[in-house]
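These protein sequence lines are chains Y and B, in that order. Anchor point for the first sequence: position 31 equals 31 in the working numbering, and the numbering is continuous, going up by one each time. Anchor point for the second sequence: position 66 equals 374 in the working numbering, and the numbering is continuous, going up by one each time. Just below is one structure, and these are the notes that go with it.
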Amino acid sequence: MNQPSQNSTKPESDSPGLKQSAPLEETANNDESTNASPKRSLVSGSNFDRSKPDNKNASTMIDVRDVNFYYGDVQALFNVNLTVPEKSVMALIGPSGCGKSTFLRTLNRMNDIIDGTRVEGTIKLENQNIYDPTIDVVALRSRVGMVFQKSTPFPKSIFDNIAFGPRLSGTTSKSKLTEIVERSLQQAALWDEVKDRLSDSAMALSGGQQQRLCIARTLATNPEVILMDEPASALDPASTARIEDLIFELRKQYTIVIVTHNMQQAARVSQYTAFFYQGRLIEVGPTKELFTNPTEKQTEDYITGRFG
Amino acid sequence: MSNNRGEFNSKINSRHRTSKLFELFCLSAVLLALVVLCVLLFSVISKAWGWVDVDFLTSHHSRKPEDAGIKAALWGSLWLILLTGLFSIPIGVGAALYLEEYSRKNRLTTFIQVNLSNLAGVPSIVYGILGLTVFARMFDMFPGEQQSVMTISLLITDLSIPLPFGPTLITGAMTLSLLILPVVIISSQESLRSVPPSLRHASLALGATEWQTIRSQVLPAALPGIATGVILSLSRAIGETAPLLMVGAASFITATPGGIDGMGDILTNPGSLLEVPFSKYTCMPMQIYNWVKFAKVEFQEYVTSAGIVVLLGVLLLMNATAVYIRMRFQNKIQW
Ligand SMILES: Nc1ncnc2c1ncn2[C@@H]1O[C@H](COP(=O)(O)OP(=O)(O)OP(=O)(O)O)[C@@H](O)[C@H]1O
Ligand SMILES: [Mg+2]
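Next comes the structure, spelled out in structure tokens:
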């Protein structure tokens, strides 16, 4: 497969069909979504409706090998090995302080910003090591978007918030920006609520709307991978449900890694789940198997609520 | 339990009394400051009454108190502030940006940081001596009676730069810039620090470069704070006398810098703008200081007061600008 080189800026990110591979998967997903997406059930039995890994032979998007991570002298991640298949949702679960956020931030090198951090091992994004010295971090971050736990709208208008990413890479045409803004807001299921007030401040939106705005903002840069750090932790059940629906929709086009403290949420939105404990990856596998039949004792204890 | 409860309540009256006393103390401090300020303002304004008029603003110094004006000093002060701003804003804000946004914390930056705070406390006369050595005399690198002149040919006109600068506006402005730089840097840093880090992270995570993040997120959010700090520092500079005394602001001069005393002059002879930085000059605090030393009682009392009122007027205008910028930009960035 021919990978675009990462150290050049992303080639023409305007084409919506970013991933050329396997259009068949798209249809497979669509089939499933028609019978799963309209109605969501919180009953635990149907929790796994969406969690079937539906394309077994999907290619690997992220490949993490032997990753150790240090904050100064303190090691926060120990020998993590993990692969995330393309166009799937992987949930990261584990007790507070186990290193989920740290791991997530290694995937788009946001840890670089923190003084005194150090990473060992390799993390490959479509076969390219993102810690290679020749990698351009700016280009990497436009391919691997991130949604933070606390929504962080810019103190600008809704339109300018979404247009920020495309403008960074030099898109100035008003019509093109308008198109991107509308498409991103549609994708993030926010368009209908804000279409009449795009020039209003994004700070005036509700918490749930702000979070969807942040997701839309990330989508506008046309990433391949979206990282989400507890995107729904501060939201009410209705907003949470919308975000979960959204994640389910986004999976058709994007690879998603999501940190969550909510076991039901992990079960509802993800195909794969990774359980972290004290900086170590204890177990990873298809969500349904991990939840119904964990192989490790610690995993079982955690998901049955015996600790954490 | 009940014992404790009683003790707790028995003290409650004395606690309220202490609280009340403290409130009274704070109130009297405010009132005292206000009274002193009012008395001062009243006495100055009442003496200046009838002396501050258009003539006072548009005529030069004269031996006769009735004819004396503040024109040269007013223009001198305005140019001084403009040039000081031109020097200190880019350098000060640039340094603050580097220290806050780019540099990683290490021994060198800690050392710089500590010394910035120290420099902010250095008496202004010391900066005067520094300015004298470095700008006015340039370490006596150009010996001889005659001042050497460097001529740079620009397209339409020649720019003549005296070396060393001597007692010219540019010397004064550079000295004042040095004086206020530490405060400009520290207050700019403070405003940059108050920008939430999450804003930077969100921007970087979208694939913005450091500079794009600073330009479109950090600076707009920090601008009101930075502008306020800069303008307050410039207000301090406009009232400075000691360092300018050192670097040789003229006592009495009957010419405005570059011979400009209105927009018309700039339009008819734009070349005169180039002469401004290298003109001899005086400024309002200097002028007031010199009037006080005059024998005639009218000078000591009325002309001086009139000068002070003009100086206060300019200060008030600058502070009003600071408030305006603050409100305007705060509305614009839609928190
Ligand atoms: N900036 C930092 N500097 C130093 N240590 C840090 C930093 N951030 C996190 N840590 C440490 O690294 C470990 C993992 O933290 P991390 O934030 O990744 O946990 P987490 O799994 O996301 O927890 P939570 O579920 O509470 O968000 C913790 O022990 C934490 O104290
Ligand atoms: Mg976390």
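Built from N, CA and C at the ideal position, the CB exists for glycine as well. Everything numeric in this text was worked out from a predicted model, so none of it was measured.
Check the Cβ-Cβ distances between residue i and every residue of chain B, and say whether any is below 8 Å.
| i | result |
| --- | --- |
| ARG217 of chain Y | yes |
| LEU290 of chain Y | no |
| PHE154 of chain Y | yes |
| ARG306 of chain Y | no |
| ILE135 of chain Y | no |
| LEU168 of chain Y | yes |
| ILE113 of chain Y | yes |
| ARG141 of chain Y | yes |
| MET61 of chain Y | no |
| ARG197 of chain Y | no |
| ASN127 of chain Y | no |
| PHE159 of chain Y | no |
| MET146 of chain Y | yes |
| GLY121 of chain Y | no |
| GLN276 of chain Y | With the sequence shown as reference, residue 276 of chain Y is identified as Phe, and Gln is not the correct amino acid for it. Chain B, which has no Cβ nearer than 8 Å to the Cβ of PHE276 of chain Y, makes this no. |
| LEU42 of chain Y | No answer about LEU42 of chain Y holds up, because its pLDDT of 34 lies below 50 and its placement is not dependable. |
If I measure Cβ to Cβ from residue i and keep anything under 6 Å in the same chain, skipping five residues before and after, which residues do I get?
| i | result |
| --- | --- |
| SER613 of chain B | VAL352, LYS355 and ALA356 |
| LEU471 of chain B | PHE450, SER456 and MET458 |
| MET446 of chain B | PRO472 |
| TYR597 of chain B | THR549 |
| ARG636 of chain B | none |
| VAL611 of chain B | PRO373, ALA376 and TRP599 |
| THR536 of chain B | ALA630 and ARG634 |
Would you say the beta carbon of residue i is closer than 7 Å to some non-hydrogen atom of ligand 2?
| i | result |
| --- | --- |
| LYS328 of chain B | no |
| VAL225 of chain Y | no |
| ASP229 of chain Y | yes |
| VAL259 of chain Y | yes |
| SER396 of chain B | no |
| SER101 of chain Y | yes |
Hey, would you say residue i sits closer than 8 Å to residue j, going by beta carbons?
| i | j | result |
| --- | --- | --- |
| THR299 of chain Y | PHE276 of chain Y | no |
| ALA404 of chain B | ILE493 of chain B | yes |
| SER411 of chain B | THR418 of chain B | no |
| ASP112 of chain Y | VAL84 of chain Y | no |
| ALA550 of chain B | PRO475 of chain B | no |
| THR151 of chain Y | GLY207 of chain Y | Inspection of the sequence shows that residue 151 of chain Y is occupied by Ser rather than by Thr. Closer than 8 Å, so yes. |
| ILE433 of chain B | MET554 of chain B | yes |
| ILE256 of chain Y | VAL119 of chain Y | no |
| LEU512 of chain B | ARG141 of chain Y | yes |
| ILE226 of chain Y | LEU125 of chain Y | no |
| PRO155 of chain Y | ALA529 of chain B | yes |
| ARG143 of chain Y | PRO231 of chain Y | no |
| MET626 of chain B | ILE539 of chain B | yes |
Report yes or no: is there a C-beta of chain Y within less than 8 Å of the C-beta of residue i?
| i | result |
| --- | --- |
| LEU500 of chain B | no |
| LEU484 of chain B | no |
| SER506 of chain B | yes |
| LEU531 of chain B | no |
| GLN520 of chain B | yes |
| LEU514 of chain B | yes |
| ILE320 of chain B | no |
| ALA510 of chain B | yes |
| GLN595 of chain B | no |
| GLN497 of chain B | no |
For ligand 1, any of its heavy atoms closer than 7 Å to the Cβ of residue i?
| i | result |
| --- | --- |
| CYS98 of chain Y | yes |
| TYR71 of chain Y | yes |
| SER88 of chain Y | no |
| ALA558 of chain B | no |
| GLY94 of chain Y | yes |
| PHE76 of chain Y | A quick correction: the sequence has Ala, not Phe, at residue 76 of chain Y. ALA76 of chain Y Cβ: within cutoff of ligand 1. |
| ILE113 of chain Y | no |
Given residue i, which residues of its chain have a CB within under 7 Å of its CB, disregarding the five upstream and five downstream residues?
| i | result |
| --- | --- |
| ALA481 of chain B | LEU388, LEU391, THR392 and PHE395 |
| VAL43 of chain Y | Since pLDDT at VAL43 of chain Y reaches only 36, below the 50 mark, its modelled position is unreliable, and the value read off the structure follows with that caveat. So the list is empty, once near-sequence residues are dropped. |
| GLU408 of chain B | GLN497, LEU500 and ARG501 |
Counting only the same chain and skipping the five closest in sequence on each side, list residues whose C-beta sits under 8 Å from that of residue i.
| i | result |
| --- | --- |
| SER580 of chain B | GLY566, GLY567, ILE568, ASP573 and ILE574 |
| GLY17 of chain Y | Caution is warranted here: a pLDDT of 37 is assigned to GLY17 of chain Y, below 50, making its placement in the model unreliable, and no coordinate value can be reported. |
Taking 7 Å as the cut-off, is the CB of residue i close to at least one heavy atom of ligand 3?
| i | result |
| --- | --- |
| ALA216 of chain Y | As for ligand 3, it is missing from this structure, which binds only ligand 1 and ligand 2. |
- [ ] Identify each residue in the region 397 to 423 of chain B for which the Cβ-Cβ distance to at least one residue of chain Y is less than 7 Å, and report them in chain order.
- [x] Listed by position along the chain: ARG412 and LYS413.
- [ ] Could you name the residues of the region 219 to 250 of chain Y whose beta carbon sits closer than 7 Å to any beta carbon of chain B, in the order they occur along the chain?
- [x] Answer set for the region 219 to 250 of chain Y: THR221.
Task: Chain-ordered residues of the region 173 to 194 of chain Y with a beta carbon less than 7 Å from chain B - done: If the cut-off is 7 Å between Cβ atoms, the region 173 to 194 of chain Y has nothing near chain B.
- [ ] Mind checking the region 67 to 93 of chain Y against chain B and listing, in chain order, the residues whose C-beta falls within less than 7 Å of any C-beta there?
- [x] Taking 7 Å as the Cβ-Cβ cut-off against chain B, none of the residues of the region 67 to 93 of chain Y qualify.
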